[in-house]
Every structure is written in C-alpha cells, then in structure tokens.
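In order, the protein sequence lines correspond to chains A and B.
Residue numbers for the first sequence, in numbering that gives the first Met the number 0: 0 to 151.
Residue numbers for the second sequence, in numbering that gives the first Met the number 0: 0 to 197.
A virtual CB, placed ideally from N, CA and C, is assigned to each residue, including glycine.
No experiment lies behind these values; they were computed from the predicted model shown.
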Amino acid sequence: MNCHRVQKLLSSYLDQELSAEERREIRKHLFACAPCSRLCDELTLIKDSLEGLEPPAIGGDFLRKVHLYREGRLLQETFLWGKRLAMAAVWILLFLLTSFLLFPNSSGPELAKKEEQLPDYGARERTTLQQEAKEESTRLFLPRLPGIPVSR
Amino acid sequence: MLRSECLSLTRSPSNRWEEFEEQVRIYEKPLYHFAYRLTGDINDAQDLLQEAFLKAYRSYHRFQPGTAFDRWMFQIIYRLFIDNYRKKRRRPFISSLDEPHPHLEQAKTADVPDYSNLPEDSALRQELGRTIQEALMLIPENFRVAVILCDIQGLSYEEISQVLGCSLGTVRSRIHRGRRLLRELLQPYFREERRRKE
Ligand SMILES: [Zn+2]
C-alpha cells in the first residue's frame, strides 16, 4: 500500500471499519512511514477531542411545542363536539317549529274529546248516596216493634 | 403485514403518548448534543429539537416499535436543520484545505489550552469545546454531520449511511474529509501544544 492509499483509509482505520487484511497492511505501513504515522496521530487527536466533547446542560422543555400541539388538538376536538351538539339542538328546534306550524290546532280539540270519553265515576257514587239517604229517612218514620218485620 | 406494524396500529393514543414521552426522556440528552453540535448555538439547538420532537410526534404512528428511536430522530433533526436552520448561518464554510480561515486564525492568539490528553480542568475543557465547535461550524454540513454521528454519537458507518440515506463509500469519504478539514483548522493549536510539550 502506498502513502496516498493509506492516508485515504486512515479515518476508516481509526474507526475500525476496515478488513483485518487492510488493517494489517496499514499498520505495517505506519510503522515504516513517518508522514503517514504523523497524520494518523493528528487524526487520532481530532477523533479523541470530538469524543471527549461534553454535552450541553439540558435546559428548557423540549416537548413544549408538542404540548402546545396536543392542547390545540384537544381544544379543537372540544370545539368540534360543541359544534355538533349545537347543530343537533338547532335541528330539533327546527323540527318542533315546523311541526307546530304545519299542525297549529292539533292539540286543542283532541284534549276536549278525551275529556268527554272519560267515565264519570262520581255520578254512580252520587246516586248510591242519594238512595241510601232516602232509605234512611223512610226507616226513621217506621217504629221498630218486636215481632213485626220492617217492610219497605 | 409486519408484526411491528400490527403493534403500532394497536397502540392507543394515550399509550402512544406515554411511549413517546418515555423515548424522549431516554434520548433527549444525546439528541440535544447532536442538535447543538450541528447548529453551534444553544438556542438554535433547543428550537431545532422542539421542532423535531413535534414532527416526530405527529408522525409517530410511522415509527416502528423495536427500532432505534435516536437513529430515527437523528434523521428528522438533520432534515429539519438542512431545511430551516442552515439559512441562518453567518459564516461561510471552507470546503478546501487551501482556503484561509480568518476566524480561527484570530482565536489562535488567545491563551492556548493544554488539551492533548483531554484536560481535567473544566475551564480548559470548555475552551477546547468552544474551539472545536468553531472549527465544526466552518466545515460543510454534510461533513459535519457525518463526523458528529461517528465521533460524538458513536454510530457505525453502516448506521450513519442509514441515517443520512447515502452509501457506505460516501460516509467513509465525508468522515475522512471532515476530519482532515478539522485537522487543518485546529493545527495551530496542536502545533502550539506539541511545542509546549517538547
Ligand atoms: Zn506513508
């Protein structure tokens, strides 16, 4: 392997992304070639420096936009249900209004008819009481004598 | 129909939300780190991640349970970054090793920290972090993302090729070119460091 080829493969060599055979050849070349060996050291330093970088401290809520989106969706759904309910109420109202306008007096005479059809339970009771009162008054004028049956 | 697809269809909305929250809790730190190294700015990184989580939540029904959530998120974050955030970049990239890079040349005059063996001192580590971040921001995004996924997130070339949707050969080349550009940009520091050690 020549210098050009080795230098092209150095990063892959450091990342252990080469075959065992390629690794062996590069190792052999680096042992004998100072410029390539120096480049290898410098690239190693770059790699190590990047690996050693510390992550920034976590600050703020990363889900802030997701929360806002979810709240928006929830609000939208609530609004949608409110809208549906309002529409249903309007339809029911329209239906009632239409039926009232189409049959404006339908409820008046029918109620009167029903009242007529109702039986007068009081009438029967009234005649019974009148009859009993009559019987009582008749009984009061007849003396109760022993041995004589009371006849009507 | 795949088993995973069946699973995703049977997830109820509340389960889905709990699952999503759990995944976010597990991976938010590396994802935030990824977003930060990509944008180079804390506020941009937070904004990018919030946006990415929203996008992920809205298409979470398409996420297959059992697959890697972080790999999926890397994809979403990078695509969003390419679409929205790179327009905000203030400095031009260097795409060739011959181009001058005045930004880092200026910083070179500052006190050179000792970081060859990854410094213990937190102030020095922070200084090193800032310097590397500045260099990262000067290389093209497709090199930067490959290097970040490889060295900071520890993904294999195969995984990187899946996240970025490109061939293994492309990944290999982008990582190598990215590292060589970083080496050029950071060489003044390393040279100074070597001189001090000798
Ligand atoms: Zn050589």
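- Annotation: residue 21(A) to residue 0(A) spans about 9 Å, alpha carbon to alpha carbon.
- The beta carbons of residue 38(B) and residue 77(B) sit about 11 Å from each other, so the pair does not count as a contact at 8 Å.
- Proximity of the stretch 45-58 of chain A to the stretch 174-183 of chain B meets the contact definition, three or more beta-carbon pairs being nearer than 8 Å.
- Those residues whose C-beta sits under 6 Å from the nearest heavy atom of ligand 1 are, from N- to C-terminal order along the chain, 2(A), 5(A), 28(A), 32(A), 34(A) and 35(A).
- Here residue 70(B) has 154, 158, 161 and 162 as same chain residues with Cβ atoms under 8 Å from its own Cβ, once five neighbours each way along the sequence are excluded.
- Listed along chain B, the residues sitting closer than 7 Å to residue 53(A) by beta-carbon distance are 124 and 128.
- The C-beta of residue 130(B) has 16 or more other C-beta atoms within 10 Å across all chains shown, which makes the residue buried.
- Residue 16(A) sits in coil when the DSSP states are folded into three classes, being neither helix nor strand.
- Looking at the backbone, the Cα of residue 142(B) and that of residue 85(A) are separated by about 58 Å.
- The three-state reading of DSSP puts residue 46(B) in helix, counting H, G and I together.
- Here DSSP, grouped into helix, strand and coil, assigns residue 56(A) to coil.
- Distance from the Cα of residue 186(B) is smallest, within the candidate group 92(A), 75(A) and 41(A), for 41(A).
- Annotated as distal: residue 145(B) and residue 182(B), with beta-carbon spacing of 8 Å or more.
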